[in-house]
Amino acid sequence: MKELSKKKLENKTSNCKYIFVVGGVISGVGKGVTASSIARILSDRGQRVTAIKIDPYINIDAGTMNPTEHGEVFVLDDGDETDQDMGNYERFLGVDLSRANYMTTGRVYQSVIERERNLEYNGACVQVVPHIPLEVIRRIEKARDNANADVVLIEIGGTVGEYENILFLEAARIMKLRKSNSVFFVMVSYLPVPGNIGEMKTKPTQHAVRTLNASGIQPDIIIARSKMPLDEKRKEKLSMFCNVPIDHVISAPDVDSIYDIPINFEKEGLGDMICDTVGMTCGPAVNEGSLKWKKFAHSTHVKNNEVKIAIVGKYFNTGDFTLSDSYLSVIEAIKYSGYACGSKPTLTWISSMDFEKDPNKLKELSKYDGIIVPGGFGSRGIEGILKTIEYARKNNIPYFGLCYGMQLLVIEYARNVLKLKDANTREVNPNAKDIVIDVMEDQKDKIEKKKMGGSMRLGAYQAVLKKGSIAGKAYKSLSISERHRHRYEVNNEYREALEEAGLVFSGLSPDGKLCEIAELPESKHPFFLGTQFHPEFKARPLAPHPLFTAFIKACQKKK
Ligand code: GLN
Numbered sequence: 009m010k011e012l013s014k015k016k017l018e019n020k021t022s023n024c025k026y027i028f029v030v031g032g033v034i035s036g037v038g039k040g041v042t043a044s045s046i047a048r049i050l051s052d053r054g055q056r057v058t059a060i061k062i063d064p065y066i067n068i069d070a071g072t073m074n075p076t077e078h079g080e081v082f083v084l085d086d087g088d089e090t091d092q093d094m095g096n097y098e099r100f101l102g103v104d105l106s107r108a109n110y111m112t113t114g115r116v117y118q119s120v121i122e123r124e125r126n127l128e129y130n131g132a133c134v135q136v137v138p139h140i141p142l143e144v145i146r147r148i149e150k151a152r153d154n155a156n157a158d159v160v161l162i163e164i165g166g167t168v169g170e171y172e173n174i175l176f177l178e179a180a181r182i183m184k185l186r187k188s189n190s191v192f193f194v195m196v197s198y199l200p201v202p203g204n205i206g207e208m209k210t211k212p213t214q215h216a217v218r219t220l221n222a223s224g225i226q227p228d229i230i231i232a233r234s235k236m237p238l239d240e241k242r243k244e245k246l247s248m249f250c251n252v253p254i255d256h257v258i259s260a261p262d263v264d265s266i267y268d269i270p271i272n273f274e275k276e277g278l279g280d281m282i283c284d285t286v287g288m289t290c291g292p293a294v295n296e297g298s299l300k301w302k303k304f305a306h307s308t309h310v311k312n313n314e315v316k317i318a319i320v321g322k323y324f325n326t327g328d329f330t331l332s333d334s335y336l337s338v339i340e341a342i343k344y345s346g347y348a349c350g351s352k353p354t355l356t357w358i359s360s361m362d363f364e365k366d367p368n369k370l371k372e373l374s375k376y377d378g379i380i381v382p383g384g385f386g387s388r389g390i391e392g393i394l395k396t397i398e399y400a401r402k403n404n405i406p407y408f409g410l411c412y413g414m415q416l417l418v419i420e421y422a423r424n425v426l427k428l429k430d431a432n433t434r435e436v437n438p439n440a441k442d443i444v445i446d447v448m449e450d451q452k453d454k455i456e457k458k459k460m461g462g463s464m465r466l467g468a469y470q471a472v473l474k475k476g477s478i479a480g481k482a483y484k485s486l487s488i489s490e491r492h493r494h495r496y497e498v499n500n501e502y503r504e505a506l507e508e509a510g511l512v513f514s515g516l517s518p519d520g521k522l523c524e525i526a527e528l529p530e531s532k533h534p535f536f537l538g539t540q541f542h543p544e545f546k547a548r549p550l551a552p553h554p555l556f557t558a559f560i561k562a563c564q565k566k567k
């Protein structure tokens with residue numbers, strides 16, 4: 009029996025296909041969304057797909073990086089702090105991924121060095137090549153086995169030609185050598201249209217392909233990203249000079265909604281072409297999954313029924329580009345629920361510091377149908393956020409606090425309702441008279457020893473909800489699991505007083521010790537709720553998050 013199942017697995021692994029996605033010319037061309045879209049099409053066509061993100065930096069994970077520079081830190085169920093592309097994979101595929109699906113140069117080297125220290129290389133001289141690429145391959149195969157995958161998508165971060173990702177390309181080359189037809193390369197490249205010439209240029213992509221060739225890799229297809237669709241001439245040029253058949257040059261012009269991309273890819277024949285090239289028997293392009301996706305993608309083009317949402321926080325002075333990256337999951341979660349409710353959510357980023365300088369500005373908040381305060385750290389802009397929450401509470405504006413946004417909700421309530429004027433979180437003022445948000449017991453030692461990497465309360469934890477509460481009604485279940493990323497928590501010494509003053513802790517850890525959700529009853533406020541966890545990490549296009557949906561419904565009512 010055991011033998012048989014082992015054989016089955018061997019069969020399966022030998023049939024598995026590997027699709028590497030690499031970037032050419034510039035970063036930010038949408039490799040992640042491309043990889044996610046390919047994953048989506050193949051999964052809709054009946055393949056079991058998993059996706060891996062490779063980040064070439066030394067950091068062990070994304071948790072120690074500044075989100076305004078590197079984008080959002082996306083937390084997985086198992087607590088891994090990863091790159092925002094992992095969020096794209098989960099959302100497009102509708103699956104939960106694990107730390108096996110994420111690797112960095114730091115992680116790869118760490119494993120090799122650990123193994124060397126444990127004498128696992130049998131006296132060999134451990135070298136950058138081949139041992140580093142072999143470790144990369146081992147990790148890819150592990151993710152494959154965990155997911156029992158038919159197809160593994162592997163996105164190599166960075167751009168071809170960079171020093172940083174060379175060892176990952178080397179791993180890909182070795183895999184191609186060993187598995188030949190099962191390995192497939194997608195190059196996502198950029199075609200500029202210089203203003204003074206007005207013509208789309210293929211030369212940078214030609215150079216990028218040559219650079220990739222120098223790593224021993226020939227792309228099987230080129231996804232040509234540009235402002236506009238590619239014409240035949242450009243396709244011919246790329247085909248001729250980059251050595252790919254003309255129907256393997258896929259035009260991928262800018263789109264209003266990234267959710268149209270899988271649909272556009274199928275229109276370009278990408279699904280059939282990948283299946284044919286790697287010899288995979290796939291279901292038809294139109295199928296149950298693709299129809300559901302199409303319906304959702306269509307809903308993203310809603311033009312009216314606007315709900316105006318203000319997102320208030322610090323860090324908001326860096327321009328829209330960075331912002332949308334730092335809070336990607338929050339933005340997407342709002343959109344999914346908005347679309348599901350037939351609304352078009354519009355987001356306005358407001359720096360809480362504005363309210364500190366000029367409290368009169370708070371009145372501007374009345375323009376919005378709802379306010380969100382997302383997660384954050386440190387003391388900057390905090391007083392302005394507290395003023396915002398007070399304004400939302402007193403003026404019946406729907407308020408949704410995510411993690412820090414929940415802790416600050418509790419502080420606001422303690423200060424203004426319980427009249428504990430000096431209430432604060434230990435994170436901001438350890439000398440405050442009333443520390444209503446305190447450091448978690450198991451965090452004290454870590455902070456003291458400066459063990460800050462991957463050491464917060466991370467990942468999915470169960471919570472139990474109060475029947476009849478806003479949260480309880482929204483989830484339609486009283487037992488939930490949500491992802492966390494924090495070091496501080498509601499101080500239980502103040503719990504009773506806060507409850508007596510009307511605040512409801514409608515979500516608790518199963519042992520009752522940790523407050524996971526705070527809210528005001530619907531009789532007192534249309535929606536005033538905060539979560540210690542990050543609900544945004546579990547929102548999916550085809551499964552919008554119940555709390556975001558409840559919030560949007562409250563915003564629609566306010567309107
Ligand atoms: N700074 C807070 C804490 O560490 C909240 C963290 C967050 O919003 N993710 O507990």
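Everything in the sequence shown is counted per the working numbering, starting at 9 for the first residue and increasing by one. Yeah, the Cβ is synthetic: ideal placement off N, Cα and C, and Gly gets one too. This one's a predicted model, so the numbers in the text were calculated from it and none came from an experiment.
With hydrogens ignored, establish whether the beta-carbon of PHE385 is closer than 6 Å to any heavy atom of ligand 1.
At least one heavy atom of ligand 1 lies closer than 6 Å to the C-beta of PHE385.
Residue range of the unbroken alpha helix (DSSP H) whose run includes ALA70
No alpha helix (DSSP H) contains ALA70, which DSSP labels as neither H nor E.
For ligand 1, any of its heavy atoms closer than 6 Å to the Cβ of HIS494?
Indeed, a heavy atom of ligand 1 lies less than 6 Å from the Cβ.
Heavy atom of ligand 1 within 6 Å of TYR412 beta-carbon
Taking the Cβ of TYR412 as the reference point, at least one heavy atom of ligand 1 falls within a distance shorter than 6 Å.
If we ignore side chains and look at the alpha-carbon of each, how far apart do ALA468 and VAL134 end up?
Answer to the nearest angstrom: the Cα atoms are 37 Å apart.
Any contact of the stretch 79–96 with the stretch 137–150, i.e. 3+ C-beta pairs under 8 Å?
No, they do not touch.
Please report the distance separating the alpha-carbon of PHE192 from that of PRO227.
When the Cα atoms are used, PHE192 and PRO227 turn out to be separated by approximately 8 Å.
Which residues in the same chain have their Cβ closer than 8 Å to the Cβ of VAL83, if we skip the five residues on either side of it in sequence?
Excluding residues up to 5 positions away in sequence, GLU89, THR90, LEU466, GLY467, ARG491, HIS492, ARG493, HIS542, PHE545 lie with their Cβ nearer than 8 Å to the Cβ of VAL83 in the same chain.
Please confirm if the stretch 212–220 is in contact with the stretch 305–322, defined as three or more CB-CB distances below 8 Å between the two stretches.
No, the stretch 212–220 does not touch the stretch 305–322.
According to DSSP, ASN432 sits in a beta bridge with which residue or residues?
Its beta-bridge partners are ILE443.
Rounded C-beta distance between ILE419 and VAL444? I'm assuming under 8 Å.
ILE419 to VAL444, Cβ: 6 Å. Contact.
Taking all protein chains shown into account, decide if LEU12 is buried (16 or more other Cβ within 10 angstroms of its Cβ) or exposed.
Residue placement at LEU12 is flagged as unreliable, the pLDDT there being 46, under the threshold of 50; a coordinate-derived value is accordingly withheld.
Rounded straight-line distance, which links the Cα of TYR502 to that of LYS521:
For LYS521 and TYR502, the distance between alpha carbons rounds to 13 Å.
Who are the Cβ neighbours of ASN67 in its own chain at under 8 Å, not counting the five residues just before and after it?
Residues of the same chain with a CB within less than 8 Å of the CB of ASN67, apart from the 5 flanking positions on each side, are MET73, THR112, GLY114 in chain order.
Tell me which same chain residues have a C-beta within less than 6 Å of the C-beta of ARG152, skipping the five on either side of it?
Within the same chain, ARG152 has close Cβ partners CYS24, VAL160.
Does GLN540 come out as helix, strand or coil in the three-state DSSP assignment?
Residue state, collapsed to three classes: coil.
Could you tell me whether the Cβ atoms of LEU595 and SER514 are closer together than 7 Å?
Past the boundaries of the shown model lies residue 595; the chain is included only from 9 to 567, so the question cannot be answered.
Can you tell me whether LEU12 is helix, strand or coil according to DSSP?
Residue placement at LEU12 cannot be trusted, given a pLDDT of 46 that sits under 50; what the coordinates show is reported in the next sentence. LEU12 falls in the helix class under three-state DSSP.
Grouping DSSP H, G and I as helix and E and B as strand, with all else coil, what is ILE256?
Note that residue 256 is His in the sequence shown here, rather than Ile. The answer is helix: DSSP assigns HIS256 an H, G or I state.
Given this structure, state the Cα-to-Cα distance separating GLU244 from ILE254, to the nearest angstrom.
The straight-line gap from Cα to Cα measures roughly 6 Å.
Return the chain-ordered list of same chain residues with a C-beta closer than 6 Å to the C-beta of ILE266, the five sequence neighbours on each side being excluded.
Within its own chain, the residues whose Cβ lies closer than 6 Å to the Cβ of ILE266, once the five positions on either side in sequence are excluded, are VAL41, listed in chain order.
Which residues in the same chain have their Cβ closer than 7 Å to the Cβ of ILE145, if we skip the five residues on either side of it in sequence?
The residues are ALA179, ILE182, MET183.
Excluding the 5 residues flanking TYR129 on each side, which residues of the same chain have their C-beta closer than 8 Å to its C-beta?
Apart from sequence neighbours up to five positions away, the residues of its chain that approach TYR129 with a beta-carbon distance below 8 Å are ARG123, HIS139, ordered along the chain.
Going by beta carbon distance, what residues of the same chain come within less than 7 Å of PRO534, once the five residues before and after it are set aside?
Sequence-distant Cβ neighbours of PRO534 in its own chain, meaning closer than 7 Å and more than five residues away, are ASN404, PRO406, ALA562, LYS565, LYS566.
Could you please give me the residues that DSSP links to LEU355 through a beta bridge?
Looking at the DSSP assignment, LEU355 forms a beta bridge with ILE317.
To test your reading of the DSSP string, which unbroken beta strand (DSSP E) runs of 3 or more residues are found completely within the stretch 358–418?
Counting only unbroken stretches of 3 or more residues, the beta strand (DSSP E) elements lying wholly within the stretch 358–418 are 378–381, 407–410, in sequence order.
Please check the pair GLY510 and ALA526, which I expect to be a contact at CB under 8 Å, by giving their CB distance rounded to whole angstroms.
In fact, because the Cβ distance is near 11 Å, the residues do not count as touching under 8 Å.
Grouping DSSP H, G and I as helix and E and B as strand, with all else coil, what is CYS250?
DSSP places CYS250 in helix when its eight states are reduced to three.
Using the Cβ count rule (16 or more neighbours within 10 Å means buried), how would you classify LYS10?
For LYS10, the predicted model reports a pLDDT of 46, less than 50, meaning its position is unreliable and no value from the coordinates is stated.
Beta carbon of LYS475, beta carbon of ASP377: below 7 Å?
Not closer than 7 Å, so no.
Terminal residues of the continuous alpha helix (DSSP H) containing ASP284?
Per DSSP, ASP284 belongs to the alpha helix (DSSP H) from 278–286.
Cβ-Cβ distance between VAL33 and PRO212 below 7 Å
Yes; because the gap between Cβ atoms is below 7 Å, this pair is in contact.
Would you please state the rounded distance, in angstroms, between the beta carbons of LYS524 and ALA471? I believe it to be under 8 Å.
For the record, residue 524 in the displayed sequence is Glu; it is not Lys. The beta carbons of GLU524 and ALA471 sit about 4 Å from each other, so the pair counts as a contact at 8 Å.
Residue interval of the alpha helix (DSSP H) (run including LEU220):
DSSP places LEU220 inside the alpha helix (DSSP H), whose first and last residues are 211–222.
State the DSSP-derived secondary structure class of LEU473, mapped to helix, strand or coil.
In this structure, LEU473 counts as strand in the three-state DSSP scheme.
Any non-hydrogen atom of ligand 2 within 6 Å of THR396 CB
Ligands in the displayed structure: ligand 1; ligand 2 is not one of them.
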